[in-house]
Amino acid sequence: MRIRAPKDFWAGLFFIAVALGFMLLSTQYNMGNMHRMGPALFPTLVGALLAGLGLIIAVRSFAIDGPPVPRLQARPILISIIAISLFGVVLAHFGLVAAVTALVAVAAFASAESKPLEIAGLIVLLIVFSVGVFAWLLGLPIQLWPEF
Numbered sequence: 375m376r377i378r379a380p381k382d383f384w385a386g387l388f389f390i391a392v393a394l395g396f397m398l399l400s401t402q403y404n405m406g407n408m409h410r411m412g413p414a415l416f417p418t419l420v421g422a423l424l425a426g427l428g429l430i431i432a433v434r435s436f437a438i439d440g441p442p443v444p445r446l447q448a449r450p451i452l453i454s455i456i457a458i459s460l461f462g463v464v465l466a467h468f469g470l471v472a473a474v475t476a477l478v479a480v481a482a483f484a485s486a487e488s489k490p491l492e493i494a495g496l497i498v499l500l501i502v503f504s505v506g507v508f509a510w511l512l513g514l515p516i517q518l519w520p521e522f
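Per the working numbering, the sequence shown starts with residue 375, numbered consecutively.
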């Protein structure tokens with residue numbers, strides 16, 4: 375038996391591993407029953423569904439041809455981690471507008487296909503969305519601008 379779609383095979387195994395992790399962690403809580411659900415019931419059910427989906431994907435990888443697993447690209451992963459970390463630091467000191475700007479500007483370096491005009495438009499769109507949702511609609515006490 376040969377794996378014909380290695381990308382799907384590894385994705386299926388990843389889904390199964392994540393599902394088993396959720397199900398294992400949920401054993402620390404009370405399961406309850408369908409009439410009085412405990413805090414462990416929902417993660418266990420979602421984990422079981424995810425494990426089933428992962429099993430279907432993994433088994434299908436033996437029957438259907440698919441693309442190979444691409445080479446791991448470390449640069450986009452590292453830049454994404456840096457951008458998210460920078461967002462947290464900038465948000466605490468300079469506010470939401472500067473944090474979103476820094477996040478998008480740094481994350482744009484993860485792709486060689488990024489264009490300055492598209493990045494600028496995305497920054498404006500995400501600032502308007504973030505301020506509108508988090509500050510105005512939800513009313514979160516979040517600093518928008520730096521306080522000097």
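Where a beta carbon is used, it is the ideal one built from N, C-alpha and C, also for glycine.
Distance CB(residue i)-CB(residue j) smaller than 9 angstroms
i	j	result
Ala391	Ile431	no
Asp439	Ala379	yes
Phe357	Ile497	Any question about residue 357 goes unanswered here, given that the chain covers just 375 to 522.
Pro441	Lys381	yes
Ile453	Phe416	no
Gly462	Glu521	no
Leu514	Val474	no
Val464	Val505	no
Phe383	Ser435	yes
Residue range of the alpha helix (DSSP H) that includes residue i
i	result
Thr475	Leu470 to Ala481
Gly386	Pro380 to Leu399
Ile501	Pro490 to Ser504
Ile431	Leu415 to Arg434
C-alpha distance - residue i paired with residue j, whole-angstrom precision
i	j	result
Trp519	Phe503	15 angstroms
His409	Thr418	16 angstroms
Gly428	Ala414	21 angstroms
Ile377	Gly426	19 angstroms
Ala466	Gly412	36 angstroms
Leu460	Leu512	24 angstroms
Val443	Leu387	13 angstroms
Ser400	Lys489	44 angstroms
Tyr403	Ala437	39 angstroms
- May I ask you to verify whether the segment 387-405 touches the segment 422-439, counting CB pairs closer than 8 angstroms and requiring at least 3? yes
- Item | Stretch pair the segment 464-478 + the segment 486-500: three plus CB contacts closer than 8 angstroms | yes
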